[in-house]
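I have placed the structure first, in the form of structure tokens, so that the comments after it can refer back to it.
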Ligand SMILES: [Zn+2]
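Residue numbers (my numbering): 109 to 231.
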């Protein structure tokens with residue numbers, strides 16, 4: 109949960125605070141510029157945005173390592189506790205390019221893009 113604080117001199121600061129706390133820890137309520145107490149502390153829940161990950165596909169057997177530059181793509185939503193992992197693997201560069209499809213979008217849009225891409229098809 110983001111919290112936005114403001115002191116009486118109109119300084120504004122933001123802190124990401126653990127979910128479930130009714131207010132930020134006292135050190136976060138002190139203005140970073142002049143040390144005075146916040147007069148405003150306002151919650152801003154995290155928006156529904158997709159988390160993306162590159163998951164290494166490398167294997168290791170008898171001292172040999174294979175699939176060194178192959179990665180599964182994974183997208184997940186903390187809000188709906190859902191995760192999708194690609195059926196195929198991508199090189200690092202290709203995977204980074206694909207992950208940009210999921211920049212700044214909500215889970216519903218992400219699922220639509222996932223279905224339109226080649227993520228569900230094995231190589
Ligand atoms: Zn201040």
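Glycine residues also receive a C-beta, built at the ideal position from the N, C-alpha and C atoms. Please read all numbers here as calculations on a predicted model, not as lab measurements.
| Check | Outcome |
| --- | --- |
| Does residue 181 come out as helix, strand or coil in the three-state DSSP assignment? | strand |
| Tell whether a beta-carbon distance below 8 Å holds between residue 141 and residue 119. | yes |
| Are the beta-carbon atoms of residue 222 and residue 190 separated by less than 8 Å? | no |
| So which residues put a beta carbon under 5 Å from any heavy atom of ligand 1, going in chain order? | 115, 117, 119, 139, 141, 142 |
| Taking three-plus beta-carbon pairs below 8 Å as touching, is the region 123-135 in contact with the region 161-175? | no |
| Write down every uninterrupted run of the alpha helix (DSSP H) in the region 159-216 whose length is 4 residues or greater and which is fully enclosed by it, in chain order. | 200-207 |
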